[in-house]
Each structure stands twice: as structure tokens, then as C-alpha cells.
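Worksheet for the structure shown next.
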Amino acid sequence: MSAIAEHGPQASTEQIAAHVGVTRTKLYRHFAGAADLQSAIAQRAAEMLNTELAPLWTPHGSMAQIIEAGVGAHVRFLVEHRNLYRYLARCSLGDDGSAPDAIADIRQTIGTQLNALFTVYLNAFGVDTDPQPLAFAIVGLVESTTGRWLDQPGSTAQDRLVADLVRWIWLLVEDTLRAGGVYLDSAEPLPTPDVIAAQVESYRDPERARV
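In this note's numbering, each residue's number is its place in the sequence shown (first place is 1) plus 189.
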């Protein structure tokens, strides 16, 4: 990771090996090849991002606050580790097809956890829908929008980018809830799933949409 941060997204296996004080040959004794090394780096990157997103998996506060915390953490991670992100993107485009699609693997990891979180809450609200498309749409929206933003420095302030993403994501979540007959304000505190399930009928009052 440090070698990639220092040498940028074009960091070679030789530079990575030199950074840890071994030759390329010795480095490959621990991996089956370049693709295996890149897969290990991708796995570590996913673990790092998941750690940054940890508060999202045990949400507290309003939906607006929860979404902002998750989006803010994701954007900050990509900003702080932009060389790593670009390295993984470059490896995913390898000519021989042997390299793992590292970016897709990270999306899969985060999307799967977000899907699990949505499943719990949508079940509590009594919304009968498959949350997986929503979960992966959100992950793709944040990753692709932020990736494009990183390629255009100065185009939009980071705070503005986060605010825009928060608004777009809430619109997706709100539409999903309303399609299931649930009315929730983004500014109201989100109770735990068991409390929601016990009070679910109160969330089905259309008058809530006018508050």
C-alpha cells in the first residue's frame, strides 16, 4: 500500500518488492503471480474501506445523518487513497484477463453488506421488495461519481459532492419506502428495527408526508 501511495497507480511489482526490502522473485514466493498479488491488495483495500464504513453497519441518527456518514467516509477514503484506487482500476483492465476486477470486488463486498442492512430495515417496515438492486445502485453511484470527480480536480468542492450524493441516495431510498407504503422523513431519528416493527402502522400514514 505504501509503495503504491509513493509511486502512484503505475507502481510496478519491482517497486512494491523494493519497498518491503525483497526482490521480485522473493515477493512472488508468497503469491501465485501478479494477479494473486493484485487480488491480495484489492482484498486489503476492501477491508480498509469496510473499516471506514463501520459506523454505517450499526446506524444511529436520522437517515440524512446515516447516509451522510457513509457517503462522507467513502468519498474521503477514495480521496485519501486515490493512487490505490487508480492502481486497482488499472490492474482490472489488464490485457491478459488474468488480473482480478478489483474495483468490482470492492463494490461486491460493500454492496453485499448494504443489501443485508437494507433487508433488515425493509423487513421491519414491512416493505416487500428485493433490496439488492437498490444497494448496488447506491454503491455504483458513489464509486463512479467520485471516481469521475477525482479525474476532474476542482470541478466541484468535496462537500458539495457529498451533499449531492446524499440527496440523490435519499431520493432512491425514499422512493423505495413510498412504493411500499411507508412514509419517513429524512430528518427524523431512525429507530432500531424492532421498534420500527412494533410501530410499523404509524409509518403508513400518508399525513406523515405532509409534515
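No residue lacks a Cβ here, since even glycine has one placed at the ideal position from N, Cα and C.
Same chain only: Cβ atoms within 7 Å of residue i, ignoring 5 sequence neighbours per side
i, result
"Ser251", "Ser375, Ala376, Glu377, Pro378 and Leu379"
"Thr345", "Trp338"
"Gly259", "Leu242 and Leu245"
Residues that residue i bridges to, as DSSP identifies them
i, result
"Pro378", "Ser251"
Cβ-based burial, residue i [other Cβ within 10 Å; buried from 16]
i, result
"Leu360", "exposed"
"Thr335", "buried"
"Trp246", "exposed"
"Pro320", "buried"
"His249", "exposed"
"Glu236", "exposed"
"Glu332", "buried"
"Ile193", "buried"
"Gly300", "buried"
"Glu269", "exposed"
Residue i, enclosing alpha helix (DSSP H) - first and last residue
i, result
"Arg349", "Gln347 to Ala368"
"Val316", "Run containing Val316: none; DSSP gives neither H nor E here."
"Pro244", "Ala243 to Trp246"
Residues near residue i in its chain [Cβ-Cβ closer than 6 Å; skip 5 each side]
i, result
"Gly261", "Val351"
"Leu267", "Tyr274 and Thr335"
"Leu303", "Ala324"
"Arg397", "Tyr372"
Proximal residues to residue i (C-beta, below 8 Å), its chain only, five neighbours per side dropped
i, result
"Ala313", "Pro382, Asp383, Ile385, Ala386 and Val389"
"Leu277", "Gln227, Ile230, Ala231, Ala234, Ala291, Ile292 and Ile295"
"Glu363", "Leu373 and Ser375"
"Trp357", "Leu330"
(message) Check whether the region 318-332 and the region 300-309 touch, using three or more Cβ-Cβ pairs below 8 Å as the test.
(response) Enough Cβ pairs lie closer than 8 Å, so yes.
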